[in-house]
Amino acid sequence: MNDLASGTSSWSTKLVHGGLRYLEHYEFNLVRHALMEREVLWGIAPHIIRPLRFILPHHAGLRPAWLLRLGLFLYDHLGGRKKLKATTTVDLDGPMGAPLKDEFHKGFEYSDARVDDARLVVLNARDAAARGADIMVRTKVLEARREASLWQVTLRDQETGRIFTVTARFLVNVGGPWVDAIIQTAMGQNEARNIRLVQGSHIVTHKLYEHDRAYIFQNADGRIIFTIPYEEDFTLVGTTDQDFDGDPADAAITEAETQYLLSAASEYFKQPVTPGDIVWSYSGVRPLFDDGASKAQEATRDYVLKVEGDKDEPAVLNGFGGKITTYRVLSEEVLEKIERRLGAKGSRWSGDKPLPGGDFPVDGLAALEEELHRSAPQLDARTVRRLARGYGTDIRKLIRPGWLGQDFGHGLYEAEVDWLVRNEWARTAEDILWRRTKLGLRFDRDQQSKLAEHMKNRKADWSKAAE
């Protein structure tokens, strides 16, 4: 109903990971599926998904070292790891432990992967559009009702106010934290209560250390937090877990959550992390399937899919829960359920075909950056890295020979803005600065206004070209 990834999908910890801590809750099936997906997703999107090594310090007052090593042994072998590096022991008296307090001497280093979550959403939308889907951003479902053998779905264009109707033989409701609200309001089922809303908040600070590893810290309350190198000059710290009540669009980090993250990080780092280190914070709401768990952090992260509707009437599939890492297998399972009603339409392909820009080897990013540097030598090294890691081989289409256009700041040129509007459904400066890129961390108010004014002035040109 808004921009792509403007909800929960852009408020994650930005990891493709198995979920090490879920082993303690015996979620072996979820962890296994997620571990298997890491290398599949890395293979189809090596520009926006890249391996990341995590250091887990042994905290003498918490879980014993043997238990950590056992958990990591399972983590290494449960999902059929092939290309990612195995777990190793790390001496925290050396460089990898330099930022930590002197009491931490031993740790373990294991593999997972980082992801640009918002770009993952956009690339999947582009891939769907290339295969025949109509992508309607800023379009809200007002009503869905069954008439004979079809759904009549009433939609509203949020920008123009235009109301129109489409028909469907099968409806899929994967509205994230709004999934129950859609069932209640659009479908008129007032008693729908399927999900547990859990708020997760993050802070982004100035860079807390110089090396390229992430840390995973255990806390006395049984939870964990991550500190992750982020956008070259920053560190991402998160996440929290607390029940949420209200409109997910209103989620915002609380003072208690901020203090929790600062205190948890300061428990490990020599230099305390303070409110003055924070440059940005964000908060999102996870739509977890309500399995009756007593604590938010114990609620299952696995997904549940339910199909409703007799064989004689159009069906609806409602999706509850899920993780970024398992989005592809969830999608394939949705298609299987659709095919049982509508018939098979084709074979599986999503695990083998690259997402837009991802048609290069997983070890080919450096070569792609070098190619971009040669074709556009006026770009600085930071911008080259950002473009290659955001667009992959699409940079060959994005960077037209001899023309970049106006520089709006920090390497965001007119050529990229044009590309995002024409190919990735960007409508506002916010869409570009906080979802298609993360340059909002660097742009000042004047630069933001300059970009917004440009987009406003060019809107008519872009709309005409899209026709």
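Reading the sequence shown from the start, the letters are residues 154 to 620 in our numbering.
We put the beta carbon where it would ideally sit given N, CA and C, even for glycine.
Residue j and residue i - do their beta-carbons sit closer together than 8 Å?
i: Asp270; j: Ser162; result: yes
i: Thr307; j: Leu295; result: yes
i: Lys293; j: Gln311; result: yes
i: Gly160; j: Leu188; result: no
i: Arg589; j: Glu606; result: no
i: Val184; j: Gly172; result: yes
i: His170; j: Asp265; result: yes
i: Thr478; j: His355; result: no
i: Arg222; j: Phe261; result: yes
i: Gly510; j: His200; result: yes
i: Val268; j: Ala158; result: no
i: Asp584; j: Asp156; result: yes
i: Thr240; j: Tyr263; result: yes
i: Tyr456; j: Gly475; result: yes
i: Leu245; j: His258; result: yes
Residue i bridges to which residues according to DSSP?
i: Ile369; result: Phe379
i: Asp396; result: Val351
i: Thr388; result: Thr358 and Pro382
i: Gly329; result: BP columns for Gly329 are empty, so no partner.
i: Arg203; result: Arg267
i: Trp556; result: Arg553
i: Pro210; result: Gly260
i: Arg439; result: Val351
For residue i, does the count of other Cβ atoms within 10 angstroms reach 16, so buried, or fall short, so exposed?
i: Phe226; result: exposed
i: Gln352; result: buried
i: Gly247; result: exposed
i: Leu101; result: There is simply no residue 101 to check, as the chain begins at 154 and stops at 620 in what is shown.
i: Arg298; result: exposed
i: Trp331; result: buried
i: Asp599; result: exposed
i: Glu410; result: buried
i: Gly543; result: buried
i: Trp219; result: exposed
i: Asn277; result: buried
Could you check how far apart the C-beta atoms of residue i and residue j are, in whole angstroms? I think they sit under 8 Å.
i: Gly391; j: Leu414; result: 7 Å
i: Asn347; j: Phe473; result: 5 Å
i: Glu385; j: Arg595; result: So it is not a contact: roughly 10 Å between Cβ atoms.
i: Val357; j: Val290; result: 26 Å between Cβ atoms; not a contact.
i: Gly564; j: Asp533; result: 7 Å
i: Glu569; j: Leu586; result: The Cβ separation is near 12 Å, so there is no contact.
Once the 5 residues before and after residue i are set aside, which same chain residues still bring their CB inside 8 Å of it?
i: Ala321; result: Leu303, Trp304, Val306 and Pro467
i: Val325; result: Val469, Leu470, Gly472, Val487 and Ile491
Return no unless some Cβ of chain B is closer than 8 Å to the Cβ of residue i.
i: Trp572; result: Note that chain B does not occur in the displayed structure, where there is just one protein chain.
Within the same chain, show all residues whose beta-carbon is closer than 6 Å to that of residue i, passing over the 5 residues directly before and after it, in chain order.
i: Val426; result: Leu415, Ala418 and Ser419
i: Glu461; result: Val469
i: Leu566; result: Residue 566 is actually Tyr in this sequence, not Leu. So the list reads Leu557, Gly558 and Asp560, once near-sequence residues are dropped.
i: Met154; result: Lys293
i: Gly545; result: His200, Gly510 and Gly511
Who are the near neighbours of residue i in its chain, counting only those whose CB is closer than 7 Å to its CB and skipping five residues on each side?
i: Arg203; result: Ala266 and Arg267
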